[in-house]
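Enquirer:
Residue numbers (the numbering used here): 1 to 140.
1. Is the beta carbon of residue 66 sitting closer than 8 Å to the one on residue 44?
2. Can you name the start and end residues of the alpha helix (DSSP H) that residue 68 belongs to?
3. Considering only the alpha carbon of each residue, which of 94, 122, 92, 77 lies closest to residue 41?
4. So the alpha helix (DSSP H) residue 17 belongs to, where does it begin and stop?
5. In chain order, what residues of the same chain have a beta carbon less than 7 Å from the beta carbon of residue 82, not counting five sequence neighbours either side?
6. What is the DSSP secondary structure of residue 54, counted as helix, strand or coil?
7. Taking only three categories from DSSP, how would you classify residue 139?
Here is the structure:
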């Protein structure tokens, strides 16, 4: 019980502190000086660097960290807000950390095909959400 409460708190803190720092402050300053592309990529690299203290932050996870960070940067660019990024970070941590630290079993088991199916379904929902978000931003 204590573990679950601690990890939930860590997840909220990471999203509520990390996103304003990375995507609010740092991304906006670098973006104003060097453009959004440079800002998103440089903040993504720094995001990975900051996570090097985590056991899972190996070279094998570089593509994940960069893609995840670029996604957050693009969300900020499209919406001009860090709110979607904060929500995504908190929800991601709340979902992943209990599995990572062994508090619960992986609900998908060890089947690679189940994980691949989950990623594809999640990506489809994400693409739909981005499409809707883009149309909402364009209309107002």
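Glycine residues also receive a C-beta, built at the ideal position from the N, C-alpha and C atoms.
As the structure is a prediction and not an experimental result, all values here were calculated from the model.
Expert: Taking the geometry as given:
1. In this structure, residue 44 lies closer than 8 Å to residue 66 by Cβ.
2. 62-79
3. 77
4. That residue, residue 17, is in no alpha helix (DSSP H); it is neither H nor E in DSSP.
5. 19, 20, 23, 24, 76
6. coil
7. coil
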